[in-house]
Amino acid sequence: CALPIFLSVALFMAFFPRLAAGPIERADHLIPQLEASHSWSWRHIDNGLSLIIIGLLKKLVVADNIAVFVDRIFLLQHPSLWLLLVGSIGFTLQILADFSGYTDIARGSAALLGIDLLENFRAPYRAVSPSDFWRRWHISLSTWIRDYLYIPLGGSRSGSRVRFLVILLVAMGLSGLWHGAGWTFLLWGVYHAILLYAYHLAGRGGRWRPKTALGTAFAWGAMTLFTVFGWFLLRAPSLGWIGGAIANLQPGLRGDEWLAGVGYLGMIAFYALPLVGTTLVTRCCPKSRIARALLLGAAIVAIVVLAQDASQDFIYFRF
């Protein structure tokens, strides 16, 4: 039944799974669900608990363990290019596991109550272009910026390349500042604005995709490199640290740095395996109850065995 508008808005604002950090739900999507009557069902419990378990797996096993090695590298004053690459790859995996893990927990908590929250991350590292990335990464934020800032300012139809660039810089700069109030976050947003602008100048439509397997592989590889470099900018402690790290890069590589990087990369790959496993099961066997049960059982075991004694805060909470 329809509720008084003030009560509907109060329920929307107070709905705890989205209250702390998202997903950024629209009122027209969430309020009708809050006003509707709900009955308990096994489907809600199954979906909710599954999402919560997978979210905890991503956070406690993947993100927290990878963070140990990433933090060591970014605490160095002048890390080598090799260590910077390893640290940036690690943070690329860490931030996806942290962000998507939090939203999985939020979606799972809501699902237990019969509420369907938006899917916020849709395989962002499979993107083959900047616009494709932003259709997959933090979807609730990117669509909010698109609908309430980018399009009202004129978007790609602003009529002037300079105006279009300014619009992108404003929109993506705001996206960067949403992630954190610091210069590195703003730089990350500006960096993605430049990527989107260059993609637009290349004459690619918003839904363009390569037509051949080789073209797809090349586009994916290029976009992956752009993405990893962007996360390097975001994770760096400060703009001065970025400048110092780049200025002090040495062409050679000491043996201890090489071995440390290989060791870190090996551990990062090990702790990232659950991301690969959950993706394979959900894509290859989406309706298999046996595969689902095995995945959740393995996830619980991994959480018990591999989770650190003291969990770190969600990166998401800082934003």
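Sequential numbering of the sequence shown, starting at 1, is according to this note's numbering.
We put the CB at the ideal spot given by N, CA and C, even for glycine.
This structure is a prediction, so every number in the text was calculated from the model and none was measured.
* To do: To the nearest angstrom, report how far apart isoleucine 303 and glutamine 94 are at their CA atoms.
  => As a first step, residue 303 must be located in the sequence shown, where it is residue number 303. As a first step, residue 94 must be located in the sequence shown, where it is residue number 94. Those two C-alpha atoms are separated by around 16 Å.
* Classify threonine 212 as buried or exposed, calling it buried when 16 or more other Cβ atoms lie within 10 Å of its own Cβ. => Start at 1 with the first residue of the sequence shown, and residue 212 comes out as number 212. Flag for threonine 212 reads exposed.
* Asked: Rounded to the nearest angstrom, how far is the Cβ of leucine 141 from that of serine 109, given a contact under 8 Å?
  -> On the sequence shown, residue 141 is found 141 positions in, with the first residue counted as 1. On the sequence shown, residue 109 is found 109 positions in, with the first residue counted as 1. Not really, about 20 Å apart at Cβ, beyond 8 Å.
* Beta carbon of arginine 136 nearer than 7 Å to that of alanine 123 -> Working through the sequence shown from its first residue, we reach residue 136 at position 136. Working through the sequence shown from its first residue, we reach residue 123 at position 123. Remark: C-beta atoms of arginine 136 and alanine 123 approach each other more closely than 7 Å.
* **Distance between beta carbons of glutamine 33 and aspartate 116, contact taken as under 8 Å** => Against the sequence shown, residue 116 aligns to sequence position 116. Against the sequence shown, residue 33 aligns to sequence position 33. Between glutamine 33 and aspartate 116 the Cβ distance is about 7 Å, and since that is below 8 Å, they are a contact.
* To do: Spatial neighbours of serine 88 within its chain, please: CB distance less than 8 Å, with the 5 preceding and 5 following residues excluded, ordered by chain position.
  => As a working mapping, residue 88 is identified with position 88 in the sequence shown. The residues are Val228, Phe229, Trp231, Phe232 and Arg235.
* To do: Counting only runs of 3+ residues fully inside the region 205 to 249, write out the beta strand (DSSP E) ranges in chain order.
  => none
* In its own chain, which residues sit with a C-beta less than 7 Å from the C-beta of tryptophan 258, not counting the 5 before and 5 after it? -> By one-based count along the sequence shown, residue 258 stands at place 258. These residues qualify, in order along the chain: Trp82.
* How about histidine 38 and glycine 159: do their beta carbons lie closer than 7 Å? -> Numbered from its first residue, the sequence shown carries residue 38 at position 38. Numbered from its first residue, the sequence shown carries residue 159 at position 159. The Cβ-Cβ distance between histidine 38 and glycine 159 does not fall below 7 Å.
* To do: Tell me, please, whether the region 161 to 179 touches the region 189 to 201 by the rule of three or more beta-carbon pairs shorter than 8 Å.
  => yes
* Spatial neighbours of glycine 90 within its chain, please: CB distance less than 6 Å, with the 5 preceding and 5 following residues excluded, ordered by chain position. => For the purposes of this step, residue 90 is taken as residue 90 along the sequence shown, with counting starting at 1. Cβ neighbours of glycine 90 beyond the five flanking positions: Ile66, Phe69, Val70 and Ile268.
* What's the call for lysine 287, buried or exposed, on a 16-neighbour Cβ count within 10 Å? -> For the purposes of this step, residue 287 is taken as the residue at position 287 of the sequence shown. When all chains shown are included, lysine 287 counts as exposed.
* Alpha-carbon to alpha-carbon, isoleucine 54 and threonine 282 -> The residue you call residue 282 lines up with position 282 of the sequence shown. The residue you call residue 54 lines up with position 54 of the sequence shown. One C-alpha to the other measures close to 11 Å.
* Could you give the uninterrupted runs of the beta strand (DSSP E) lying entirely in the region 100 to 174, keeping only those of 3 residues or more? -> none
* Taking the C-alpha atoms as reference points, what is the distance between tyrosine 150 and isoleucine 167? -> Here residue 150 is taken as the residue at index 150 of the sequence shown, counted from 1. Here residue 167 is taken as the residue at index 167 of the sequence shown, counted from 1. Whole-angstrom Cα-Cα distance: 7 Å.
* Asked: Contact check, leucine 275 vs lysine 58 under 8 Å by CB: the rounded distance?
  -> Your numbering for residue 275 matches position 275 in the sequence shown. Your numbering for residue 58 matches position 58 in the sequence shown. Between lysine 58 and leucine 275 the Cβ distance is about 7 Å, and since that is below 8 Å, they are a contact.
* Asked: Which of helix, strand or coil does DSSP assign to proline 32?
  -> For this step, residue 32 is matched to residue 32 along the sequence shown. Three-state DSSP puts proline 32 in a helix.
* **Short Cβ contact (7 Å threshold) for threonine 199 with serine 156** => By one-based count along the sequence shown, residue 199 stands at place 199. By one-based count along the sequence shown, residue 156 stands at place 156. Correcting the residue identity first, residue 199 is tyrosine in this sequence and not threonine. Contact flag unset, no.
* Could you tell me if phenylalanine 164 is buried or exposed, where buried requires 16 or more neighbouring beta carbons within 10 angstroms of its beta carbon? => Numbered from its first residue, the sequence shown carries residue 164 at position 164. Phenylalanine 164 should be labelled buried.
* Examine the ligand SAM and report whether any of its heavy atoms sits within less than 6 Å of the Cβ of alanine 245. => Ligands displayed in this structure: none; no statement on the ligand SAM is therefore possible.
* State the DSSP-derived secondary structure class of proline 79, mapped to helix, strand or coil. => Residue 79 sits at position 79 when you count from the first residue of the sequence shown. Residue state, collapsed to three classes: coil.
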